[in-house]
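Engineer: My questions all concern the structure below.
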Amino acid sequence: MENVIVHPRVHERHPDISEEDVLTAWHNALLSAPRDDGTGSWVSIGMDGNGRLLEMVSVHNSVGQWLIYHAMTPPTKKTMKELGATRRKS
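Mapping of the sequence shown onto the UniProt record's numbering: position 50 corresponds to residue 50, and the numbering continues sequentially without gaps.
Given below as structure tokens:
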């Protein structure tokens, strides 16, 4: 099983998002891609156990763990666009 850590600041900044919510969304990721900013960060969108879409930003650290250091709901339009999840106009 892969090793995933949720940084405590996620819950501190967003009290409505628990560690369990983030881990559930991580394991139910719908979209994920590396960022083009040179940091090695990945951005993901997944669904938590409450049916909410969570935006997550993570990095794979030197000891082989994924550290999720940002999570929020709902995902921003910018993140949705970054992951190619924008709606088409009809």
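Heads up, the beta-carbon is just placed ideally off N, CA and C, and yes, glycines get one too. Since we're looking at a predicted model, the values are computed, not measured.
1. Can you name, in chain order, every residue of its own chain whose Cβ lies under 7 angstroms from the Cβ of Met1, other than the five neighbours on each side?
2. How many Å lie between Thr73 and Lys81 at the Cα?
3. With which residues is His70 paired in a DSSP beta bridge?
4. Quick one: what's Glu42 bridged to in DSSP?
5. Between Ser9 and the rest of its own chain, which residues show a CB-CB distance below 8 angstroms, the 5 nearest in sequence each way excluded?
6. In three-state DSSP terms, what is Ala25?
7. So Gly51 and Leu30 are supposed to be a Cβ contact under 8 angstroms. How far apart are they, rounded?
8. Mind checking which residues open and close the beta strand (DSSP E) that includes Val63?
9. Just to confirm my understanding: we take Asn3, look at its own chain, exclude 5 residues before and 5 after, and list those with CB closer than 6 angstroms. What are they?
Structural biologist: This is what the structure gives:
1. Reliability fails at Met1, whose pLDDT of 44 lies under 50, so the model's placement of it is uncertain and the value that follows must be treated cautiously. Contacts found: none.
2. Taking the CA atoms as reference points, Thr73 sits about 15 angstroms from Lys81.
3. The bridge partners DSSP lists for His70 are Val57.
4. Just to set this straight, residue 42 is Trp in the shown sequence, not Glu. Partner(s): Pro34, Ser58.
5. Just to set this straight, residue 9 is Arg in the shown sequence, not Ser. Counting only Cβ-Cβ distances below 8 angstroms, and skipping sequence neighbours, we find Tyr69.
6. Note: Ala25 maps to helix in three-state DSSP.
7. The C-beta distance from Gly51 to Leu30 rounds to 12 angstroms, too long to fall under 8 angstroms, and the pair is not in contact.
8. Per DSSP, Val63 is not a residue of any beta strand (DSSP E), being assigned neither H nor E.
9. Scanning its chain for C-beta atoms nearer than 6 angstroms, with the 5 sequence neighbours on each side dropped, one finds around Asn3 the residues Gln65, in chain order.
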